[in-house]
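**Q** Can you keep this structure in mind? I'll have questions shortly.
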Amino acid sequence: MKRLTREEKFMREALKSAKKGLSEGEVPIGAVIVYENKVVARGYNRRAKLQLASAHAEMMAIDRACKKFRSWRLPEGCELYVTLEPCPMCMGACLNARVDRIFFGAYEQKGRSLTSALAEANLLNHKTEVVGGVSEHECSAVLTAFFSSMRQRQKEEKERKKLAEKSEEENFTQKEI
Ligand SMILES: [Zn+2]
Numbered sequence: 020m021k022r023l024t025r026e027e028k029f030m031r032e033a034l035k036s037a038k039k040g041l042s043e044g045e046v047p048i049g050a051v052i053v054y055e056n057k058v059v060a061r062g063y064n065r066r067a068k069l070q071l072a073s074a075h076a077e078m079m080a081i082d083r084a085c086k087k088f089r090s091w092r093l094p095e096g097c098e099l100y101v102t103l104e105p106c107p108m109c110m111g112a113c114l115n116a117r118v119d120r121i122f123f124g125a126y127e128q129k130g131r132s133l134t135s136a137l138a139e140a141n142l143l144n145h146k147t148e149v150v151g152g153v154s155e156h157e158c159s160a161v162l163t164a165f166f167s168s169m170r171q172r173q174k175e176e177k178e179r180k181k182l183a184e185k186s187e188e189e190n191f192t193q194k195e196i
C-alpha cells in the first residue's frame with residue numbers, strides 16, 4: 020500500500036468528519052485544524068440539522084479551535100484541512116482566525132470559490148497559503164456518491180408520488196362510474 024503523505028494523513032481525518040456528517044444526512048464535508056502535528060479541532064457540515072447558513076465544516080472547526088485556545092487568533096502554524104474547497108465565508112473565517120495554511124481536497128466545480136483571490140488579497144494583513152487537490156479523488160468521491168444517491172431518492176420519491184396520484188385518479192373515476 021502507498022504510504023500516505025503528511026497532508027493525506029490529515030485529509031483522511033477531515034474525511035472521517037465528513038462521513039460523520041453523511042451518517043446524519045448532511046452534505047458530507049469535513050474539516051480539521053492541525054497544530055503541532057496534531058488534530059486539535061474537528062468540524063463537519065451541519066447546515067441541515069441546525070438550519071444555520073454558517074454551519075459549514077470549516078466554521079465549526081475554527082470555532083472549536085478558538086474555544087480550545089481561548090483566542091480568536093489561532094496560534095502561529097495552525098493549518099486547516101477541508102475536504103472541499105472553502106467558500107468565501109469560510110476563507111474569511113480562516114483569515115480572521117489567522118490560519119496559516121489551508122489544504123483542501125475537491126475543487127469547487129462551479130467557480131463559486133474565491134480561494135486564491137482571497138488568500139492573496141492580504142485583507143487582514145495576513146497571508147494564508149492554500150494548497151488544493153489533496154486526496155482529491157477520495158474527497159470528491161464522497162460528495163459525488165452523496166449527490167447521486169440524493170438524486171436517486173428524489174427520482175424515486177417523484178415516481179412514488181406519480182403512482183399515488185394515478186391510483187387516486189383511478190379511484191375517482193371508478194367512483195364516478
Ligand atoms: Zn464555507
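Okay, so the sequence shown: first residue is 20 according to my numbering, each after it adds one. All C-beta atoms in this analysis are idealised placements derived from N, C-alpha and C, irrespective of residue type, glycine included. Given the structure is predicted, the values throughout are model-derived calculations rather than measurements.
1) Is the region 53-67 touching the region 167-183 in the sense that three or more CB pairs, one from each, lie closer than 8 angstroms?
2) Would you check if the region 135-142 and the region 154-171 touch, i.e. whether three or more CB-CB distances between them fall below 8 angstroms?
3) Once you ignore the five residues that flank Leu-34 on each side, which residues in its own chain have a CB closer than 8 angstroms to its CB?
4) Return helix, strand or coil for Val-150, following the three-state DSSP convention.
5) How would you label Met-79, buried or exposed, when you count the other beta carbons within 10 angstroms and need 16 or more for buried?
6) Can you list, in chain order, the stretches of the alpha helix (DSSP H) that have 4 or more residues and sit fully within the region 118-172?
7) Can you give me the Cβ contacts of Leu-133 inside the same chain, cut-off strictly under 6 angstroms, excluding the 5 residues immediately before and after it?
8) Where does Phe-191 land, buried or exposed, given buried means 16+ other C-beta within 10 angstroms?
9) Starting from Ala-33, trace the alpha helix (DSSP H) in both directions and tell me its first and last residue.
10) Could you work out which residue in Phe-122, Glu-189, Lys-174 and Glu-175 is closest to Arg-25 when comparing CA atoms only?
11) In the DSSP assignment, what are the bridge partners of Leu-103?
12) Distance check for Glu-148 and Leu-69, CA to CA, integer angstroms please.
13) Mind checking whether Gly-96 and Ala-76 have CB atoms under 9 angstroms apart?
14) Jot down the residue ranges of each uninterrupted beta strand (DSSP E) in the region 44-115, minimum 3 residues, whole runs only, in chain order.
15) Between Lys-86, Glu-43 and Ala-67, which has its C-alpha nearest Ile-52's C-alpha?
**A** Looking at the atomic coordinates:
1) Segments in contact, no.
2) They do not touch, by the three-pair rule.
3) In the sequence shown, residue 34 corresponds to position 15, counting from 1. Same-chain partners within the cutoff: Gly-49, Thr-102, Gly-124, Ser-154, Glu-157, Cys-158 and Val-161.
4) Your numbering for residue 150 matches position 131 in the sequence shown. In the structure shown, the three-state DSSP call for Val-150 is strand.
5) Against the sequence shown, residue 79 aligns to sequence position 60. Buried, by the Cβ-count rule.
6) Counting only runs of 4 or more, we get 134-140.
7) Position 114 of the sequence shown, counted from the start, is the residue given in the question as residue 133. A distance below 6 angstroms between beta-carbons, with the five flanking residues on each side excluded, links Leu-133 to the following residues of its chain, in chain order: Pro-107.
8) Position 172 of the sequence shown holds residue 191. Classification for Phe-191: exposed.
9) Here the question's residue 33 lines up with position 14 in the sequence shown. Its alpha helix (DSSP H) spans residues 25-42.
10) Locating residue 25 in the sequence shown gives position 6, counting from the first residue. Comparing C-alpha distances from Arg-25 to each of Phe-122, Glu-189, Lys-174 and Glu-175 shows the shortest one belongs to Phe-122.
11) The sequence position of residue 103 within the sequence shown is 84, counting from 1. In the DSSP assignment, the residues bridged to Leu-103 are Ala-125.
12) The residue labelled residue 69 in the question sits at position 50 within the sequence shown. The residue labelled residue 148 in the question sits at position 129 within the sequence shown. Leu-69 and Glu-148: Cα-Cα distance of roughly 31 angstroms.
13) As a position in the sequence shown, residue 96 is number 77, starting the count at 1. As a position in the sequence shown, residue 76 is number 57, starting the count at 1. No, the pair does not count as a contact, with Cβ atoms beyond the cut-off.
14) Those beta strand (DSSP E) runs which fall completely within the region 44-115 and span 3+ residues are 49-54, 57-63 and 98-103.
15) Residue 52 sits at position 33 when you count from the first residue of the sequence shown. With distances taken between Cα atoms, Ile-52 lies closest to Lys-86.
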